[in-house]
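Before any comments, here is the structure.
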Amino acid sequence: ETPEQLAAFEARIAAGEKIESGDWMPEAYRKQLIRMISQHAHSEVVGMLPEGAWITRAPNLHRKMILIAKVQDEAGHGQYLYHAAETLGTTREEMLDALLTGKAKYSSIFNYPTLTWADIGMIGWLVDGAAIKNQTMLAGCSYGPYSRAMVRICSEETFHHKQGKEMVVAYAREGTPEQKKMAQDALNRWWWPAVQMLGPSDKDSPNTPQLMRWGIKLKTNDEVRQEFINEHAPELLEAGLTIPDPDLHQDEQGNWIHGPINWEEFFEVIKGGGQMNRARLESRNRSHDEGAWVREALNAYEARRHAQAAD
Ligand code: ACO
Numbered sequence: 010e011t012p013e014q015l016a017a018f019e020a021r022i023a024a025g026e027k028i029e030s031g032d033w034m035p036e037a038y039r040k041q042l043i044r045m046i047s048q049h050a051h052s053e054v055v056g057m058l059p060e061g062a063w064i065t066r067a068p069n070l071h072r073k074m075i076l077i078a079k080v081q082d083e084a085g086h087g088q089y090l091y092h093a094a095e096t097l098g099t100t101r102e103e104m105l106d107a108l109l110t111g112k113a114k115y116s117s118i119f120n121y122p123t124l125t126w127a128d129i130g131m132i133g134w135l136v137d138g139a140a141i142k143n144q145t146m147l148a149g150c151s152y153g154p155y156s157r158a159m160v161r162i163c164s165e166e167t168f169h170h171k172q173g174k175e176m177v178v179a180y181a182r183e184g185t186p187e188q189k190k191m192a193q194d195a196l197n198r199w200w201w202p203a204v205q206m207l208g209p210s211d212k213d214s215p216n217t218p219q220l221m222r223w224g225i226k227l228k229t230n231d232e233v234r235q236e237f238i239n240e241h242a243p244e245l246l247e248a249g250l251t252i253p254d255p256d257l258h259q260d261e262q263g264n265w266i267h268g269p270i271n272w273e274e275f276f277e278v279i280k281g282g283g284q285m286n287r288a289r290l291e292s293r294n295r296s297h298d299e300g301a302w303v304r305e306a307l308n309a310y311e312a313r314r315h316a317q318a319a320d
């Protein structure tokens, strides 16, 4: 890497050009993108587990169909993202191996259990709401394949967000006393993990400076977190729910200021010590093993097609 190459690369980013897969890029840019995009892909795939667990227990056909569609969408998001990472020179096998052996990270949020049906609504509202804030920013990122994947993903996430909000608002406003209680209990358990999932505070975010310098992130973790809270706090309150943060208040600029975040819990979860880390990995490994015959069949089919083409 010469200083001239780096300067030309940074000039392209400053001019708002997208970097494409065959273009010259610094090795650290490539590595950062592979890290982020593969973690993001893993999050989509592991994220199917807490919700998939409720498909058989959806309260009616309408909600069941929505949930099935949503879980399928997450599988599709994982696919786009693995493809986007592959454009940078990594392979699907390497990425999956890192996930299945526990070396790779995936979002902290998916290491919490879904205890009641209201959790499904709350995940749509809060978790997809937080993901959209982060991903709308990433849709403007400097790497073309990632930014284009984000545009499509965000439009699907918007549907996920709306269905979650509609469900929780229905339970919280017009529900039976049990449904109201269930919605509040879900908020009590999901609020802080959703606030945390946008990443550590800026002072403890070692990757942010380099990611911002190269236009991969356009905002810091705390900036995105503030946007998320500003949108969601008033809407949750309007639904008649209580946000489990006694310090939450609005400042003179209109920002909703949160109380202290339990970062110890967050770092414990991303180290693998969350409530569901072990179960999630076991489940992914089981599915992978059970799918071995599909991969073998695909390989056999490909080998035969190649042999026939060569004849
Ligand atoms: N869960 C797990 N690990 C996390 C989380 C989280 N919520 N937030 C940060 N981390 C990890 C980072 O990956 C990094 O670890 P690493 O260097 O070993 O990879 C470490 O904590 C320090 O954090 P940062 O320096 O702040 O990391 P970064 O600048 O990459 O910011 C963020 C983290 C905001 C998650 C960024 O990587 C990102 O935007 N990723 C793409 C979006 C994404 O992955 N979303 C997943 C959830 S969306 C969904 O699936 C519905």
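Each number in the UniProt record's numbering comes from the position in the sequence shown (counting from 1) with 9 added on.
For every residue, glycine included, the Cβ atom is placed at its ideal position computed from N, Cα and C.
If you're wondering where the values come from, they're calculated on a predicted model, not measured in any experiment.
Short Cβ contact (7 angstroms threshold) for residue i with residue j
i, j, result
"Ala50", "Tyr91", "yes"
"His170", "Asp128", "no"
"Met104", "Ser52", "no"
"Leu135", "Ala203", "yes"
"Gly173", "Gly130", "yes"
"Met146", "Lys228", "yes"
"Glu10", "Pro35", "yes"
"Ile43", "Thr99", "yes"
"Lys142", "Val80", "no"
"Thr123", "Met191", "no"
"Ile270", "His258", "no"
"Ala93", "Tyr155", "yes"
"Asp82", "Glu183", "no"
"Gly268", "Asp256", "yes"
"Cys163", "Ile225", "no"
"Gln235", "Asn264", "yes"
"Arg289", "Val54", "no"
"Tyr180", "Gln193", "no"
"Ser117", "Ile279", "yes"
"Arg39", "Leu97", "yes"
Burial state of residue i (16 or more Cβ within 10 Å)
i, result
"Asn120", "buried"
"His315", "exposed"
"Ala158", "buried"
"Asn230", "buried"
"His71", "exposed"
"Glu305", "exposed"
"Val303", "exposed"
"Val160", "exposed"
"Arg287", "exposed"
"Leu307", "exposed"
"Glu95", "buried"
"Met74", "exposed"
"Leu245", "buried"
"Gly300", "exposed"
"Gln262", "exposed"
Notebook entry, point to check: Quick one: any contact between the stretch 205 to 213 and the stretch 267 to 278, if contact means 3 or more CB pairs under 8 angstroms?
Noted result: yes
Checklist line | Continuous beta strand (DSSP E) assignments of at least 3 residues falling wholly in the stretch 146 to 206 | finding: none
Margin query: With three or more beta-carbon pairs closer than 8 angstroms as the criterion, would you say the stretch 217 to 234 touches the stretch 278 to 292?
Written below: no
Margin query: Would you call the stretch 64 to 72 in contact with the stretch 144 to 164, where contact means no fewer than 3 C-beta pairs closer than 8 angstroms?
Written below: no
Notebook entry, point to check: If we count Cβ pairs, one from each stretch, closer than 8 angstroms, do we get three or more for the stretch 16 to 26 versus the stretch 70 to 89?
Noted result: no
Notebook entry, point to check: When the Cβ atoms of the stretch 195 to 202 are set against those of the stretch 245 to 255, are three or more pairs found closer than 8 angstroms?
Noted result: yes
Note to self: Below 8 angstroms, how does it come out for the stretch 288 to 305 and the stretch 109 to 118: are there three or more Cβ pairs, yes or no?
What the structure shows: Using a C-beta cut-off of 8 angstroms, the stretch 288 to 305 makes contact with the stretch 109 to 118, since at least three inter-stretch Cβ pairs fall below that distance.
Item checked: Contiguous alpha helix (DSSP H) assignments of at least 4 residues, all confined to the stretch 15 to 92 -> 36 to 55 and 57 to 61
Check: Can you list, in chain order, the stretches of the alpha helix (DSSP H) that have 4 or more residues and sit fully within the stretch 96 to 153?
Finding: 101 to 109, 127 to 131 and 137 to 147, all fully within the stretch 96 to 153.
Checklist line | Within the stretch 245 to 309, ranges of the alpha helix (DSSP H) (whole runs, at least 4 residues) | finding: 272 to 277 and 286 to 299
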